[in-house]
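Heads up: the structure comes next, in C-alpha cells.
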Amino acid sequence: SQTIHQWPATLVQPVGSPLSLECTVEGTSNPNLYWYRQAAGRGLQLLFYSVGIGQISSEVPQNLSASRPQDRQFILSSKKLLLSDSGFYLCAWSPGQGPYNEQFFGPGTRLTVL
Amino acid sequence: AQSVTQLDSQVPVFEEAPVELRCNYSSSVSVYLFWYVQYPNQGLQLLLKYLSGSTLVKGINGFEAEFNKSQTSFHLRKPSVHISDTAEYFCAVSEDTGFQKLVFGTGTRLLVSP
Chain A
1 SQTIHQWPAT
11 LVQPVGSPLS
21 LECTVEGTSN
31 PNLYWYRQAA
41 GRGLQLLFYS
51 VGIGQISSEV
61 PQNLSASRPQ
71 DRQFILSSKK
81 LLLSDSGFYL
91 CAWSPGQGPY
101 NEQFFGPGTR
111 LTVL
Chain B
115 AQSVTQLDSQ
125 VPVFEEAPVE
135 LRCNYSSSVS
145 VYLFWYVQYP
155 NQGLQLLLKY
165 LSGSTLVKGI
175 NGFEAEFNKS
185 QTSFHLRKPS
195 VHISDTAEYF
205 CAVSEDTGFQ
215 KLVFGTGTRL
225 LVSP
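So the protein lines, in turn, are chains A and B. Position 102, counted from 1, in the first sequence is what the working numbering calls 102; the numbers after and before it change by one each time, with no gaps. Count along the second sequence starting at 1, add 114, and that's the number in the working numbering.
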C-alpha cells in the first residue's frame with residue numbers, strides 16, 4: 001500500500017533562517033505531488049505541484065521554492081523565513097493526472113517562525 | 115477559475131443529532147467534488163467524492179453528500195453524529211480540464227457535544 005511521510009513534524013525557526021521540509025511517498029511511482037499551506041481560518045492554499053522529476057509549478061509568488069530531485073521526493077525550501085511563513089504545511093500525492101483522482105495527504109509539518 | 119464557499123465556519127451540534135455542512139462552488143466547466151475531514155494536527159482524509167452518476171454519494175463514517183448542479187451545491191450530511199466526528203471538514207472542487215488541481219473551501223469546524 002502507499003504511504004506518505006513528512007518531516008519534521010514540528011519546527012520552530014527564527015525569522016531570516018533557512019527552511020527545508022521533506023516529503024516522500026512509498027508504494028507508487030510517478031505520482032503527482034503537491035505542497036499546501038494551511039493558515040488558521042483560511043483553508044488550504046496550494047503552493048506548488050509537480051508532475052515529474054524536476055518539473056515544478058508555482059501557484060503563489062512568495063519566498064518559498066520547491067524541488068523534486070527524485071520521483072517520490074518533494075522538498076519545500078526557503079532561504080530566509082518570514083513571520084508570515086508560519087503555518088501547517090501539508091504534502092499530498094495523487095495517481096496520474098486525471099482531475100477525478102483523490103489526493104492523499106501526509107501528516108503535516110507545523111512551522112512556527114519567531 | 116473555480117471557487118468553493120463554505121458559509122459556516124463552525125457548526126455546534128449535540129451528539130446523535132443530524133447535521134448538514136454546506137458547500138457551494140463556482141465553475142464554468144464540469145467539476146468533480148470532494149469532502150475531506152481533518153482531525154486535530156493531522157493531514158486530510160477523504161470522506162467521499164462525486165465524479166458522475168447518482169447525485170447522492172455515500173462515504174465513510176456514515177456521511178453522505180448530494181450534488182445539486184442547478185444550485186451548484188454539494189452539502190454534506192450525517193443523520194446522527196458522534197463525539198468522534200468533531201473535526202474540520204473541507205469541501206474541494208477539481209475542474210474537468212485534464213489536470214487535477216483541488217481548490218478548497220475555508221473549512222467548517224464541526225463541534226459535537228454530549
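Quick reminder that beta carbons are idealized off the backbone N, C-alpha and C, glycines included. From a predicted model like this one, the values you see are computed outputs, not experimental measurements.
Apart from sequence neighbours up to five positions away, no residue of its chain approaches ASN175/B with a beta-carbon distance below 6 Å. Closer than 7 Å at the C-beta level to chain A, one finds these residues of the stretch 174-208 of chain B: PHE204 and SER208. Interface flag for THR220/B against chain A is set, since a Cβ pair is found closer than 8 Å. Under the three-state reduction of DSSP output, ASN175/B falls in the helix class.
For GLU102/A, the chain B residues whose Cβ falls inside 8 Å of its Cβ are PHE148, LEU160 and LYS163, in order along the chain. Judged by their CB atoms, LEU33/A and SER57/A are not nearer to each other than the 8 Å cut-off.
In chain order, LEU90, PHE105, GLY106, PRO107 and GLY108 make up the part of chain A whose C-beta sits under 7 Å from the C-beta of GLY157/B.
Around the beta carbon of TRP35/A, 16 or more other beta carbons lie within 10 angstroms, which makes this residue buried. In this structure, LEU165/B lies near TYR146/B, with their beta-carbon atoms less than 8 Å apart. Note: SER187/B is bridge-paired with ASN138/B and ASN182/B in the DSSP secondary-structure output. Interface residue (Cβ-Cβ distance to chain B less than 8 Å): SER29/A is not classified as such.
With a threshold of 8 Å between beta carbons, ASN63/A makes no contact with chain B. With respect to GLU130/B, SER194/B sits close: the two C-beta atoms are nearer than 8 Å.
With the criterion set as a beta carbon lying under 7 Å from some beta carbon of chain B, the members of the stretch 9-39 of chain A are ASN32, in sequence order.
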